[in-house]
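Contents: one structure, followed by commentary.
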Amino acid sequence: MRIVLCYPVQPQHVARIQAAAADCEIVDAGQERIAELLPTADIYCGHAKVPVPWPEVVAAGRLKWIQSSAAGMDHCLTPEVIGTEIPVSSASGVLADQVADHTMALLLGLLRSIPEFVEAQKKREFIRLPTRDLCGAKVGIVGLGANGRRLTDVLAPFKTTMIATDYYPRDKPDCVAELLPHDALDQLLPACDIVILTAPLNDQTRGMIAAEQLAQMKPGAVLVNVARGPLVVESDLVDALESGHLGGAAVDVTEIEPLPQDSRLWDAPNTLITPHVGGQKASRIDDMTDLFCLNLKRYFAGERLVNLVDKRLGFPTPEDSLRTFMRNCI
């Protein structure tokens with residue numbers, strides 16, 4: 209059996225995977241060889257950032273399981289894969305702490321006018337500028353998965369009132385005032401001072417924040433996207449910022465990545481942009497390898513995978529999530 213890897217492993221990670229799958233051949237394809245080697249895989253773990261021949265991979269009939277090394281599944285949940293019996297598991301929750309850290313950095317930086325103060329510092333200008341408050345704000349979280357739930361933990365001490373939507377609107381955290389179904393954006397958007405997107409990208413969520421939804425937001429409200437860029441129609445977002453209807457936007461993800469040099473978003477007012485770094489973590493590869501080794505042992509034992517994805521939706525059910533698994537282990 210051949211296991212093909214496509215995430216930035218080091219020799220110690222390969223050794224750990226080999227120990228968990230002693231009878232398997234481990235191949236570190238990297239981004240350079242993944243398109244060539246993926247059709248030869250029985251098990252695949254990674255996140256290909258280059259074009260991959262998924263129709264050829266599926267037609268080969270060899271692949272038995274996909275373990276994504278990312279929480280977002282748009283890189284591998286192609287129609288060909290969705291239409292098979294190949295199980296797919298995600299890395300949802302592995303980087304939830306870091307995504308929450310980055311969300312708070314973006315949000316507080318925007319609200320407290322940090323970019324403007326940095327520019328003033330460069331000019332040696334000691335001036336006061338207007339700032340806005342997070343404490344006491346009404347915050348909407350769109351998508352209460354692993355990242356969204358971790359955000360509620362972090363936001364609670366700021367005395368915020370939180371409203372959230374989710375595909376599985378149950379098991380409401382105590383700090384969340386109201387948990388709504390996933391299609392209740394028309395209730396959430398007009399009520400919130402800040403809207404944070406932590407939903408997965410799939411056919412239902414692509415373009416979910418467009419001109420109509422932006423118009424429903426409060427005048428002066430702030431939008432934060434730490435999920436996937438295509439959740440938002442970027443041209444409509446820029447229009448809402450340029451018109452002054454929105455008070456600001458902070459994005460770690462964009463419709464096209466890297467963000468094109470000629471994108472209007474670069475010059476949009478009150479906008480903070482980072483280059484998809486919300487999941488950066490010193491121990492990221494260690495933690496991803498831990499999850500993969502855990503799932504390898506479960507796979508070979510015939511047990512249900514942790515973070516098993518509902519391929520129609522693009523994310524695990526709450527019962528299969530890493531968060532639930534860890535809670536049950538305590």
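When you line the sequence shown up against the numbering used here, it's residues 209 to 538, in that order.
Ideal Cβ positions, reconstructed from N, Cα and C, are used throughout, including at glycine.
Since this is a predicted model, take the numbers as computed values, not measurements.
Taking the CA atoms as reference points, Val-461 sits about 31 Å from Glu-333. Taken through DSSP and simplified to helix, strand or coil, Phe-523 comes out as strand. Residue environment analysis places Trp-262 among the buried positions, since at least 16 neighbouring C-beta atoms fall within 10 angstroms of its C-beta. In this structure Ala-328 does not touch Ile-402 by the C-beta definition: roughly 24 Å separates them, more than the 8 Å allowed. DSSP places Tyr-252 within a strand segment (E or B) once states are collapsed to three. Here Asp-374 carries a strand assignment [DSSP, helix/strand/coil]. By the criterion of a C-beta distance shorter than 8 Å, Val-302 is surrounded in its chain by Ala-279, Arg-492, Asp-495, Met-496, Leu-499, Leu-530, once the five residues flanking it on both sides are discounted. In this structure the region 306-322 does not touch the region 257-277; the number of beta carbon pairs closer than 8 Å is below three. Listed in chain order, the alpha helix (DSSP H) runs fully inside the region 398-482 are 419-424, 442-450, counting runs of at least 4 residues. Judged by DSSP secondary structure, Gly-356 falls within the alpha helix (DSSP H) whose first and last residues are 354-363. Judged by pairs of C-beta atoms under 8 Å, the region 458-472 does not touch the region 237-250, as fewer than three such pairs exist. Around the C-beta of Glu-442, 16 or more other C-beta atoms lie within 10 Å, and the residue is accordingly described as buried. In terms of CA proximity to Asp-475, Asp-447 leads the group Cys-537, Val-485, Ala-392, Asp-447.
Secondary structure note for Arg-506: its alpha helix (DSSP H) is the uninterrupted segment 492-508.
The region 273-289 makes no contact with the region 415-423: fewer than 3 CB pairs, one atom from each, lie closer than 8 Å. For Lys-346, the enclosing beta strand (DSSP E) covers residues 346-350.
Annotation: Ala-372 to Asp-231 spans about 46 Å, alpha carbon to alpha carbon.
In the structure shown, the three-state DSSP call for Ala-278 is coil. If you draw a straight line from the Cα of Gln-424 to the Cα of Ala-308, it comes to about 26 Å. Here Ser-298 really is in contact with Asn-515; their C-beta atoms are around 5 Å apart, less than 8 Å.
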